[in-house]
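All remarks here apply to the structure that follows.
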Amino acid sequence: MKFILLVSLVLVTSCATRRKVFSNKATDERWTTVADNPKEFLTKEELEFLGKKK
Amino acid sequence: MYKKLFVFFFLLNVYSCAFTPHIDKRTYSSKTKAASLVDGTGIDLFVNGEDSKVVGHIRNGFGAETANIEVPQTKRELIKQSLEQEFSLNGYKVISGAPLKVIIRPKQVELELAQESGKAGYFAICDLKVYLMHQDKLLERNFVSNDQIDSYWAVTASEGIDTFYSSINKCSAEIVSEVTKRVKQ
Chain L
1 MKFILLVSLV LVTSCATRRK VFSNKATDER WTTVADNPKE FLTKEELEFL
51 GKKK
Chain H
55 MYKKLFVFFF LLNVYSCAFT PHIDKRTYSS KTKAASLVDG TGIDLFVNGE
105 DSKVVGHIRN GFGAETANIE VPQTKRELIK QSLEQEFSLN GYKVISGAPL
155 KVIIRPKQVE LELAQESGKA GYFAICDLKV YLMHQDKLLE RNFVSNDQID
205 SYWAVTASEG IDTFYSSINK CSAEIVSEVT KRVKQ
């Protein structure tokens with residue numbers, strides 16, 4: 001019975017959900033200019049939005 | 055004595071399980087703020103990414119995801135609506151085909167029910183990659199905003215979802231502020 005109680009306690013306290021690590025993310029300090037050819041990393045829809053073709 | 059304690063902890067475990075999906079049916083709350091800053095500059099927005107209405111998950115006492123948290127609009131729609139509202143409130147005209155173009159790529163936009171330091175709560179994050187087309191240059195910047203609500207007592211899903219909306223609104227406000235600074239340079 002002591003064992004069952006111990007397991008139950010552990011389940012309640014230790015196996016509860018853990019928060020994902022969000023804190024290591026932060027807003028960039030400044031704008032950076034994207035490389036010369038944006039077509040390389042923008043998607044087709046994004047390029048169409050900018051009025052460019054892939 | 056032990057039997058009673060065991061039953062107590064067993065019931066606590068069962069009680070903490072949540073198997074019912076929470077679907078938030080409230081409409082997205084709008085802000086009221088005096089217009090200012092920019093004098094009618096046109097701006098066009100494009101939000102890329104997934105069309106999911108599931109913004110988070112409810113977990114049981116063992117940490118397993120047992121139910122989804124859904125909102126009425128997709129993440130894309132929410133981000134776009136929040137940004138449109140924020141740009142409009144700051145004097146921009148959000149119109150299709152405007153020369154000032156902004157592309158949003160959501161990296162992580164989600165809500166999590168979790169436990170930390172003995173407290174239960176909701177943790178929301180809005181992590182967006184923003185591309186700004188300005189003066190024939192494509193500029194890039196990452197914007198991150200967090201919000202949370204936690205308590206030693208249970209926090210309702212509705213309260214949790216407010217933190218989700220809040221994280222998106224904070225992100226939008228920061229984006230509008232930084233875009234305005236960059237455009238005015």
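Chains as they are written, first to last, in the working numbering: chain L, 1 to 54; chain H, 55 to 239. C-beta: ideal position from N, C-alpha, C; glycine also.
Between the CA atoms of Val237 of chain H and Val125 of chain H - distance to the nearest angstrom: For the purposes of this step, residue 125 of chain H is taken as residue 71 along the second sequence, with counting starting at 1. For the purposes of this step, residue 237 of chain H is taken as residue 183 along the second sequence, with counting starting at 1. Roughly 34 Å separates the two Cα atoms.
Ranges of the beta strand (DSSP E) found wholly within the segment 93-145 of chain H, counting only runs of at least 3: 96-101, 108-113, 119-124
Anticipated Cβ contact below 8 Å, Ala152 of chain H with Asp98 of chain H, distance rounded: The residue you call residue 152 of chain H lines up with position 98 of the second sequence. The residue you call residue 98 of chain H lines up with position 44 of the second sequence. So it is a contact: roughly 4 Å between Cβ atoms.
Of the residues H:Thr95, H:Glu138, H:Leu154, the one placed nearest Lys191 of chain H, counting alpha carbons only: As a first step, residue 191 of chain H must be located in the second sequence, where it is residue number 137. If we check each option's Cα against that of Lys191 of chain H, H:Leu154 comes out closest.
Helix, strand or coil at Gly51 of chain L [DSSP, three-state]: Looking up residue 51 of chain L in the first sequence gives position 51. In this structure, Gly51 of chain L counts as coil in the three-state DSSP scheme.
With 16 other Cβ atoms within 10 Å as the buried cut-off, status of Gly110 of chain H: As a working mapping, residue 110 of chain H is identified with position 56 in the second sequence. Buried is the call here.
Cβ neighbours of Glu213 of chain H in the same chain (closer than 6 Å, five flanking residues each side left out): The residue you call residue 213 of chain H lines up with position 159 of the second sequence. Counting only Cβ-Cβ distances below 6 Å, and skipping sequence neighbours, we find Ile203.
DSSP-derived helix/strand/coil call for Arg236 of chain H: Here residue 236 of chain H is taken as the residue at index 182 of the second sequence, counted from 1. Note: Arg236 of chain H maps to helix in three-state DSSP.
Asn37 of chain L classed as buried or exposed, judged by whether at least 16 other C-beta atoms fall within 10 angstroms: Position 37 of the first sequence, counted from the start, is the residue given in the question as residue 37 of chain L. Burial call: exposed.
Among H:Leu193, H:Gln139, H:Ser221, nearest to Asp28 of chain L - alpha-carbon criterion: Counting from one through the first sequence, the residue named residue 28 of chain L turns up at place 28. Among H:Leu193, H:Gln139, H:Ser221, the Cα nearest to that of Asp28 of chain L belongs to H:Leu193.
Under 7 Å (Cβ pairs) to chain L, residues found in the segment 135-162 of chain H: Lys155, Ile157
Interface residues of the segment 23-48 of chain L facing chain H [CB-CB below 8 Å]: Ser23, Lys25, Ala26, Thr27, Asp28, Arg30, Trp31, Thr32, Thr33, Val34, Pro38, Leu42, Thr43, Glu45, Glu46
Among H:Met55, H:Thr234, H:Ser136, nearest to His188 of chain H - alpha-carbon criterion: To locate residue 188 of chain H, count along the second sequence from 1; it is residue 134. Taking only the C-alpha atoms, the option nearest His188 of chain H is H:Thr234.
Residues, ordered as in the chain, of the segment 181-207 of chain H that lie near chain L by beta-carbon distance below 8 Å: Asp181, Tyr185, Leu186, Met187, Lys191, Leu192, Leu193, Glu194, Arg195, Asn196, Phe197, Val198, Ser199, Asn200
Neighbouring residues, chain H, relative to Leu50 of chain L (Cβ below 7 Å): Translated into the one-based positions of the first sequence, residue 50 of chain L becomes position 50. What Leu50 of chain L touches in chain H: Lys155, Met187.
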